[in-house]
Amino acid sequence: MPHGFGPYVAPPKPGVIPLRPLGLGEMLDGAFQACRKNAGATFGSAVIIQVVLSLLTVLLLGGLLFAPGQLEYLESAPDSEALGWAASIMGGASVLSLLNIIAVLVLQGVLVIPIARAIFNLKTGFGSMWRIAGKKIWSLIGLGLVMIVSVTILVGVFVVLMVLAVIALEEQSIALVIISVLALLALGVWITVKLALAPAALILDGTGVFSSLGRSWTLVRGNWWRTFGILLLTTVIVQVIVSVVSTPISVVASLLFSMNTDLADPDAVFTQTVPALLVTSLIAAVFAAIGLAFQAAVTSLLYVDLRIRREGFDITLMKEHESAASAGAGVLPGYSVRKDRNGPSHPPAPGPGYWSS
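Taking my numbering, the leading residue of the sequence shown gets 84, the next gets one more, and so forth.
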């Protein structure tokens, strides 16, 4: 045996993943194992948030759409009242969409905690996860608001430009509008992938809102297609499984309600339709929550994997995992780096070729 060489020693695996660059299968398996071992924190939190959002949606929009006599009244109501009713629907839908986006971002951020701790084989309960998140929840909400405002401004500017193009070019603007819309969609996908790791960076790096956006942007650099492929594949897997399981249950529930509803009686339509919407929405919310928790877990491990590949984060994890159990109840990977307030917020990158395979 040549001098300086010894038998291969596999990297340690104290928790759900080995401390080295991860393959796709290891990432998916690690995410599933982490969610299963911390079901209360992961699935429980996701289900509660999704159920609350579903209840708000059904109670608000269902009440406006199916209230007894509402549609009959609108047929003879003045145009101003009909427009006011339509504005209420649009306003309610906008508020619910805003709440949903922020809730998903907050959930993605806090779910990083049990997933990251599972790397050290540490269990995290429902209450423990939210206590560890602490004030970072407000930062996650701020992150969501920054993203929403940015998207709103971008889309608003785009719409204004398209309107000006249509006015100036008239019929010749059709091709320009189509190409521009496709380009905007492609840009949206590209930016979404570049910023997908921001919630994880905010929690594990201890950075602020804008720093976490920059951190995600940097980590994805040179790994965009791989990141895009993993996120897309995870989304497809989750959507297929959720649809296969939840759709038949929702259809059966809807049929059971519709069989007992007298469509000629407006009051019966209200008293039967809203409960049917509520039941089907809750069923869909539960399964969607499970899928969302798994997606958040994969994204968290993808963040860790990219730090290993770019920064040698596995070395930090190897040093920390032996003392992680005694480091404190709320310990997170990278704690030995974060506690050094005079140093950088993350280890210096060894170079672009590190773990490039």
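Glycine included, every Cβ here is placed at the ideal spot set by N, Cα and C.
**Report entry** Own chain, CB closer than 8 Å to V292, minus 5 neighbours either side, in chain order
**Finding:** Walking along the sequence shown from the start, residue 292 turns up at place 209. The answer, listed in chain order, is S222, G225, L226, V229, L285.
Query raised in the report: Can you tell me where the alpha helix (DSSP H) with T301 in it begins and where it stops?
Result: For the purposes of this step, residue 301 is taken as residue 218 along the sequence shown, with counting starting at 1. 292-303 is the span of the alpha helix (DSSP H), which, as asked, contains T301.
Query - Selected residue, minimal CA-CA separation from F370, among G271, V195, V325 - result: As a first step, residue 370 is located in the sequence shown; it is residue number 287 there, counting from the start. The candidate whose alpha carbon is nearest that of F370 is V325.
Report task. Work out the CA separation of A281 and V195 for me, nearest whole Å. Result -> Numbered from its first residue, the sequence shown carries residue 195 at position 112. Numbered from its first residue, the sequence shown carries residue 281 at position 198. Between V195 and A281, the C-alpha separation is close to 11 Å.
Requested in this report: Please look up how many angstroms separate the CB atoms of L296 and L267, rounded, as I've assumed it's under 8 Å.
Outcome: As a position in the sequence shown, residue 296 is number 213, starting the count at 1. As a position in the sequence shown, residue 267 is number 184, starting the count at 1. Wrong, their Cβ atoms sit about 20 Å apart, outside the cutoff.
Report task. May I ask you to verify whether the segment 301-319 touches the segment 378-385, counting CB pairs closer than 8 Å and requiring at least 3? Result -> yes
Report task. Since I believe I366 is in contact with I320 (beta carbons under 8 Å), could you give me their beta-carbon distance rounded to a whole number of angstroms? Result -> Taking the sequence shown and counting its residues from 1, one reaches residue 320 at position 237. Taking the sequence shown and counting its residues from 1, one reaches residue 366 at position 283. In fact, because the Cβ distance is near 20 Å, the residues do not count as touching under 8 Å.
Query raised in the report: The alpha helix (DSSP H) spanning Q133 covers which residue range?
Result: As a working mapping, residue 133 is identified with position 50 in the sequence shown. Unbroken alpha helix (DSSP H) run through Q133: 128-140.
Query raised in the report: If you pair each beta-carbon of the segment 197-212 with each one of the segment 393-408, do three or more pairs fall below 8 Å?
Result: yes
**Report entry** Three-way DSSP call (helix, strand, coil) for R424 in this model
**Finding:** Taking the first residue of the sequence shown as 1, we reach residue 424 at position 341. In this prediction, R424 has a pLDDT of 39, which is less than 50 and means its spatial position is unreliable; what the coordinates show is noted afterwards. Of the three classes helix, strand and coil, the one that applies to R424 here is coil, per DSSP.
Query raised in the report: For the alpha helix (DSSP H) that contains Q255, what are its first and last residues?
Result: Counting from 1 along the sequence shown, the entry for residue 255 is found at position 172. It is not in any alpha helix (DSSP H) - Q255 carries neither H nor E in the DSSP assignment.
Query - Collapsed DSSP secondary structure at A372 in the structure displayed - result: Position 289 of the sequence shown, counting from 1, holds the residue named residue 372. Helix.
Query - Supposed contact pair V187 and M56 - C-beta distance, whole angstroms, cut 8 Å - result: With the chain covering only 84 through 440, there is no way to say anything about residue 56.
Requested in this report: Keeping to the same chain, check which residues put their C-beta closer than 8 Å to that of P101; ignore five residues upstream and five downstream.
Outcome: Taking the first residue of the sequence shown as 1, we reach residue 101 at position 18. Answer for P101: A93, P94, P95, E109, listed in chain order.
Report task. Pick helix, strand or coil for N183, following the three-state DSSP scheme. Result -> Against the sequence shown, residue 183 aligns to sequence position 100. Here N183 sits in helix by DSSP.
Query raised in the report: What's the gap between the Cα of G239 and the Cα of N183?
Result: Counting from one through the sequence shown, the residue named residue 239 turns up at place 156. Counting from one through the sequence shown, the residue named residue 183 turns up at place 100. Going by the C-alpha atoms only, they are around 21 Å apart.
Query raised in the report: What distance in whole Å lies between the Cβ atoms of D388 and P97, which are believed to be in contact at a cut-off of 8 Å?
Result: Here residue 97 refers to the residue found at position 14 of the sequence shown. Here residue 388 refers to the residue found at position 305 of the sequence shown. The pair is not a contact, with the Cβ atoms about 16 Å apart (cut-off 8 Å).
Query raised in the report: S211 lies in the alpha helix (DSSP H); which residues open and close that run?
Result: For the purposes of this step, residue 211 is taken as the residue at position 128 of the sequence shown. Counting along the chain, the alpha helix (DSSP H) containing S211 begins and ends at 209-216.
Query raised in the report: Is it right to say G417 is buried, meaning 16 or more other beta carbons lie within 10 angstroms of its own, or is it exposed?
Result: Taking the sequence shown and counting its residues from 1, one reaches residue 417 at position 334. Buried, because 16 or more other Cβ atoms sit within 10 Å of the Cβ of G417.
Query raised in the report: With S256 and A248 assumed to form a contact (beta carbons below 8 Å), what rounded beta-carbon distance in angstroms separates them?
Result: The residue given as residue 256 occupies position 173 in the sequence shown. The residue given as residue 248 occupies position 165 in the sequence shown. That pair is a contact at about 5 Å.
Requested in this report: Please state whether DSSP places K206 in a helix, a strand or coil.
Outcome: Numbered from 1 along the sequence shown, position 123 holds the residue referred to as residue 206. Correct three-state label for K206: coil.
**Report entry** Coarse secondary structure for E405, derived from DSSP in three states
**Finding:** For the purposes of this step, residue 405 is taken as residue 322 along the sequence shown, with counting starting at 1. Reduced to three states, the DSSP call for E405 is coil.
Query raised in the report: Hey, L140 and L190: beta-carbon distance below 7 Å or not?
Result: In the sequence shown, counting from the first residue as 1, residue 140 sits at position 57. In the sequence shown, counting from the first residue as 1, residue 190 sits at position 107. A quick correction: the sequence has Thr, not Leu, at residue 140. It is not a contact, given that the beta carbons lie outside the stated cut-off.
Query - Supposed contact pair W300 and V276 - C-beta distance, whole angstroms, cut 8 Å - result: The sequence position of residue 276 within the sequence shown is 193, counting from 1. The sequence position of residue 300 within the sequence shown is 217, counting from 1. About 10 Å; that fails the 8 Å criterion.
Query raised in the report: Straight-line CA distance for E394 to R298?
Result: Counted from its first residue, the sequence shown places residue 394 at position 311. Counted from its first residue, the sequence shown places residue 298 at position 215. When rounded, the distance between both Cα atoms is 12 Å.
Query - For A281, three-class secondary structure by DSSP - result: Numbered from its first residue, the sequence shown carries residue 281 at position 198. Looking at A281 - three-state DSSP - the assignment turns out to be helix.
Report task. Quick one: using the 10 Å Cβ neighbour count with 16 as the cut-off for buried, is A236 buried or exposed? Result -> Counting from one through the sequence shown, the residue named residue 236 turns up at place 153. The sequence given here has Ile at residue 236, not Ala. Classification of I236: exposed, given that the 10 Å Cβ count is below 16.
Query raised in the report: Hey, P197 and T125: beta-carbon distance below 7 Å or not?
Result: On the sequence shown, residue 197 is found 114 positions in, with the first residue counted as 1. On the sequence shown, residue 125 is found 42 positions in, with the first residue counted as 1. Yes, these two residues count as a Cβ contact at 7 Å.
Report task. Report the residue from G374, I398, A122, G271 whose alpha carbon sits nearest the alpha carbon of Q322. Result -> As a first step, residue 322 must be located in the sequence shown, where it is residue number 239. Nearest option by C-alpha distance: G374.
Query - DSSP-derived helix/strand/coil call for V387 - result: By 1-based counting over the sequence shown, the position of residue 387 is 304. Looking at V387 - three-state DSSP - the assignment turns out to be helix.
Query - C-alpha distance - A170 paired with A199, whole-angstrom precision - result: On the sequence shown, residue 170 is found 87 positions in, with the first residue counted as 1. On the sequence shown, residue 199 is found 116 positions in, with the first residue counted as 1. Computed Cα separation, rounded: 44 Å.
Requested in this report: Give me the Cα-Cα distance between R392 and I250, rounded to the nearest whole angstrom.
Outcome: Taking the sequence shown and counting its residues from 1, one reaches residue 392 at position 309. Taking the sequence shown and counting its residues from 1, one reaches residue 250 at position 167. Taking the straight line from one Cα to the other gives about 50 Å.
Report task. Decide if K218 is buried, meaning its Cβ has at least 16 other Cβ atoms within 10 Å, or exposed. Result -> Counting from one through the sequence shown, the residue named residue 218 turns up at place 135. So K218 ends up on the exposed side.
Query - As assigned by DSSP and simplified to three states, the class of P197 - result: The residue given as residue 197 occupies position 114 in the sequence shown. Note: P197 maps to helix in three-state DSSP.
Query raised in the report: Excluding the five sequence neighbours on either side, which residues of its own chain have a C-beta within less than 7 Å of the C-beta of L244, listed in chain order?
Result: Counting from 1 along the sequence shown, the entry for residue 244 is found at position 161. Once the five neighbours on either side are set aside, L244 has no close Cβ partner at all.
Query raised in the report: L287 by DSSP, collapsed to three states: which one?
Result: Position 204 of the sequence shown, counted from the start, is the residue given in the question as residue 287. In the structure shown, L287 sits in a helix (DSSP, three-state: H, G or I).
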